[in-house]
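The listed protein sequences correspond, in order, to chains A and B.
Going by this note's numbering, the first residue of the first sequence is number 854, and it counts up by one from there.
Going by this note's numbering, the first residue of the second sequence is number 854, and it counts up by one from there.
The structure appears below as structure tokens.
Protein chains: 2
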Amino acid sequence: MESSLFAAEAALQIQIPESALPRIVVVGAGFAGLELTKRLSKGPFQVVLIDKNNYHQFQPLFYQVAMSGLEPSSIVFPLRKMFQKKKNVHFRMTTVEAVDTATRQVHTPIGSIQYDFLVIAVGAETNFFGNEHIAQKAIPMKSISEALYLRNSVLNDFEKALSAKTTEDRQSLIDIVVVGGGPTGVEISGALAEMRKFILPKDYPELDAGKMQILLAEGSPRLLNGMSEESSQAALEFLRKMDVQVKLDAMVTDYDGEWVELNDGTRIRSKKVIWAAGIIGNKVPGLPEAAILRGNRIRVDRYSRVQGLDNVFAIGDIAYMEDEAYPKGHPQVAQPAIQQGRNLAANMLRSLSVSGWKPFQYKDLGSMATIGRNRAVVDLPHYKTQGFFAWLIWLLVHLFQLIGFKNRVFVFINWVWNYMTYDQSLRLIIRPRSPRHNPIHQG
Amino acid sequence: MESSLFAAEAALQIQIPESALPRIVVVGAGFAGLELTKRLSKGPFQVVLIDKNNYHQFQPLFYQVAMSGLEPSSIVFPLRKMFQKKKNVHFRMTTVEAVDTATRQVHTPIGSIQYDFLVIAVGAETNFFGNEHIAQKAIPMKSISEALYLRNSVLNDFEKALSAKTTEDRQSLIDIVVVGGGPTGVEISGALAEMRKFILPKDYPELDAGKMQILLAEGSPRLLNGMSEESSQAALEFLRKMDVQVKLDAMVTDYDGEWVELNDGTRIRSKKVIWAAGIIGNKVPGLPEAAILRGNRIRVDRYSRVQGLDNVFAIGDIAYMEDEAYPKGHPQVAQPAIQQGRNLAANMLRSLSVSGWKPFQYKDLGSMATIGRNRAVVDLPHYKTQGFFAWLIWLLVHLFQLIGFKNRVFVFINWVWNYMTYDQSLRLIIRPRSPRHNPIHQG
């Protein structure tokens, strides 16, 4: 019985056109997987790209989607469109259930697929540090869908606040707690402060905008831990000037949907907790256990090879690669991911055996974060700046990193528009509605 | 006990700032309710506008959202933004549960509200003619949320078709049945044919686009019943040239999510049935029964007063007003709705008693429908045209009817873009995702 079941399962294969070329399966179309696939598409390979979404998402601007400043469609790009003219690239929208390194197969809900080379670029997701309450009630910001959910929640709660029965109820609907003082937490706190200043008084004159409280809780002694001391300090000052309550050395220990608990015993009532406190690698069952490290990162050598395997690679947030300058691995941000994708593609295009490959060398291009209108902090390798000029740099860099000419045009128009009018015009609560909600009427 | 319960309920009032002005409650922010509210906002009234969404939606372009040509945000407009500067207009996002004409109150889930004058502009929704199967399985097109759901369904099914186990399964995933040969059905059929011709071969080269079948079923002997014979005939020819199978005199009698049944006994297998076969008024409990007619329409006099009531009005799709030229009531489309809103506002601005009011006089401005790229049918009062020039008229009229300068700019750019590139670029399956789906990982 068991063998026949197995045979039936084995029969369900993802159908990909026959090809004599070696097949590279790439799992994940984030910064790393996408950079790799684009470059490999020019080489003598059959590339199968797998992602759970049919689009690539530009994470650095999620917070603007959440704050009604940009449409989701402006910062994502359809994968099929990207590879329309690449005959050797095949996209499949699905998830990976497991990898079988012995038979060289990837198992997914829509069938299995054989690989000659496998590249794992599944990235990371929100880390709730094992707290189930928080996972169920706090709002994460690691996908465009979550950003959209946050937008809907903020707007819905403003509407609800108008008919709250008590002052306390109303307050809990408009107050917001942001957890995590990295770029996401800092940027969303700044954007919330702008919304309170420019949008709330116009859209909700019946609510007292001045009463809305924005609390940013960071577990360490400073904001933007990955950046310079000057930038951390400037970000803190900018936020405090905008009347964001920043609590350093403050850990959120629990949240039941109503009350937030901090490690110093403080309890804050709020209907919305935005969780940007940490990330954890997406799991890929079937890899050698010895290669899986803390935070689900996968240990790779300088050629991005997964420890113990010859033909399986990992790049991006999920990969853990040590070198002289980064003895604890590279930061889990866009640049190392893109550069690893680029390096692996170049190596694979050189030859399919590692002899002659170049080891990965990370080049730090700097980092930046924006805080509301007109202000940002920028750390470049040989130059640091904070304030208005930093903000212009931030704008340009993000505009040009976007994929798609049309996306750039739309984001640019939106930015100019929002900047001139002090008015994000996308304050819409829209959800796709399935037919099973349709009521029946007899006419 | 009962009286105290009643007192508690009565205590839950929608909070609106005190005002000495007469209060007009407008239910529904469609074409009729919005036109009325905009005009009343200049007068000596306190206007309370109620809608289940926080935006006005431009229904004539829903089909383009469904076909990935436009973003929802480009054809909807936030209500709060519209009335930001109107101190006497108060918006509440909620639904109406019942009207109490004796105590002059509207009851909603967020509390009750007293009115001096009540205007019902709740519009109509999809009519499934009492068939529960169809209501549960077919996809309607009467809201932007439903249009977005249709987009996601079409794209999802194309993805699924790639891993279908049998040819029949694959076929049922890509074939589409459209029910109803009015403007919505005709326009979506044309857009689907364009998608089959220009998008499918590029995005899904592994599916044979030529095999995708589009069937349009209309219950009467001709398409576009509300338009001229020439336009009906031209629409039929345009669609057939685009290889849409048009079945006239064909009623869909059942659909179980897999098989569509027609009244002639034909059975067609399709995972998607788009239902645009008819509309029925949204119910408003509490109105005099004698005023409620077939299709839930509310009988009003030439001043839009609900039969039997002095201070309750109905305008738009929900209203049924007979006059010499329209002995069976006006067509349930945008123009009568807008004109009724305008007339009622003008009358109310004149005086609060009906003496001196002007009876409503419908002025038919014509009607039009577009069929794919480059072709439309246009019936103006003294001029009819079909083809390319009609399509230009259609474009201009719809562009200028949109609310909001930014919406016009974005729709215009999208149209030019799509027209030049033969490529709707919004083929994205995006759904807001709530935190309760978050998985827990131990790092």
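Ideal Cβ placement from N, Cα and C applies to all residues, glycine included.
Note that the structure is predicted; figures quoted are calculated from it, not measured.
Which of the three DSSP states, helix, strand or coil, is assigned to residue i?
i: VAL1099/A; result: strand
i: LYS891/A; result: helix
i: PHE859/A; result: With a pLDDT of only 43 at PHE859/A, under the threshold of 50, the placement of this residue in the model should not be trusted; the figure read from the coordinates follows. Three-state DSSP puts PHE859/A in a helix.
i: HIS960/B; result: strand
i: PHE911/A; result: coil
i: PRO1141/B; result: coil
i: ASP1028/B; result: coil
i: THR1106/B; result: strand
i: GLU985/A; result: helix
i: THR1020/A; result: helix
i: MET946/A; result: strand
i: GLN1066/B; result: coil
i: SER965/A; result: strand
i: ALA955/A; result: coil
i: ALA991/A; result: coil
i: ARG1075/A; result: coil
i: LEU923/A; result: coil
i: GLN1254/A; result: helix
i: ALA1229/A; result: strand
i: LEU1281/B; result: coil
i: GLN917/B; result: helix
i: ILE1310/B; result: Summary: the structure shown does not reach residue 1310/B, with chain B confined to residues 854 through 1296, and so no result is reported for it.
i: MET854/A; result: Any reading at MET854/A must be qualified, since the residue scores a pLDDT of 36, below 50, and its modelled position is unreliable; no value is offered.
Mind checking which residues open and close the beta strand (DSSP E) that includes residue i?
i: GLY1134/B; result: 1132-1134
i: PHE970/A; result: 970-973
i: LYS934/A; result: Element bounds for LYS934/A: not the beta strand (DSSP E) but the alpha helix (DSSP H), 932-935.
i: ILE877/B; result: 876-880
i: LEU1146/B; result: Unbroken run through LEU1146/B: none, as it is neither H nor E.
i: LEU1115/B; result: 1112-1115
Out of the options, point me to the one whose CA is closest to residue i's CA.
i: VAL880/A; options: PRO993/A, THR961/A and GLN912/A; result: THR961/A
i: LEU1140/B; options: ASN1116/B, ILE1151/B, GLY1134/B and ILE1132/B; result: ILE1151/B
i: PRO1212/A; options: ASN1200/A, ALA1222/A, ARG1261/A and ILE928/A; result: ASN1200/A
i: TYR1057/B; options: SER1081/A, ASP1107/A and MET946/A; result: MET946/A
i: SER1034/A; options: LEU1101/A, ASP1154/A and ASP969/A; result: Per the sequence shown, the amino acid found at residue 1034/A is Gly instead of Ser. Taking only the C-alpha atoms, the option nearest GLY1034/A is LEU1101/A.
i: GLY1038/A; options: THR1020/A, GLU985/A, ALA1062/A and LEU1092/A; result: LEU1092/A
i: LEU1069/A; options: GLN1188/A, VAL900/A, ARG1155/A and ASP1096/A; result: ASP1096/A
i: ARG1284/B; options: ASN1005/B, TRP1244/B and LEU971/B; result: ASN1005/B
i: PRO1189/B; options: LYS1216/B, ALA1198/B, MET920/B and GLY1209/B; result: LYS1216/B
i: ASP1154/A; options: VAL975/A, GLU1175/A and GLN866/A; result: GLU1175/A
i: LYS1237/B; options: ALA1087/B, GLN1098/B and SER1157/B; result: ALA1087/B
i: GLN1277/A; options: ARG1049/A, ILE877/A, ASN980/A and GLN912/A; result: ARG1049/A
i: LYS1181/B; options: ASP1163/B, ALA1187/B, LEU1146/B and SER1208/B; result: LEU1146/B
i: VAL1269/B; options: LEU1248/B, LEU865/B and ILE1256/B; result: LEU1248/B
i: GLY1225/A; options: ILE1133/A, PHE1051/A, GLU978/A and LYS895/A; result: PHE1051/A
Provide the residue span of the alpha helix (DSSP H) that contains residue i, from first to last.
i: SER1084/A; result: 1082-1094
i: GLU999/B; result: 997-1014
i: ARG1122/A; result: ARG1122/A -> not in any alpha helix (DSSP H); beta strand (DSSP E) instead, spanning 1120-1122.
i: SER1220/A; result: Counting along the chain, SER1220/A falls outside any alpha helix (DSSP H), though it belongs to the beta strand (DSSP E) covering 1220-1223.
i: GLU1040/A; result: 1036-1047
i: PRO1234/A; result: From DSSP, PRO1234/A is part of no alpha helix (DSSP H); its letter is neither H nor E.
i: PRO1054/B; result: 1053-1056
i: PHE1265/A; result: 1258-1274
For residue i, write down the residues that DSSP places opposite it in a beta bridge.
i: GLU978/A; result: ILE1133/A
i: ASP904/A; result: MET946/A
i: LYS1125/B; result: ILE1029/B
i: ILE867/A; result: DSSP output for ILE867/A lists no bridge partner at all.
i: ILE1151/B; result: ILE1145/B and ALA1172/B
Examine the ligand GTP and report whether any of its heavy atoms sits within less than 8 Å of the Cβ of residue i.
i: ARG1093/B; result: No copy of the ligand GTP appears in this structure; indeed no ligand is present at all.
Cβ of residue i less than 9 Å from any chain C Cβ?
i: GLN937/B; result: Among the protein chains of the structure shown, namely A and B, there is no chain C.
For this session: Quick one: which unbroken beta strand (DSSP E) runs of 3-plus residues sit fully inside the stretch 1153-1214 of chain B? Chain order, please.
Result: 1165-1167
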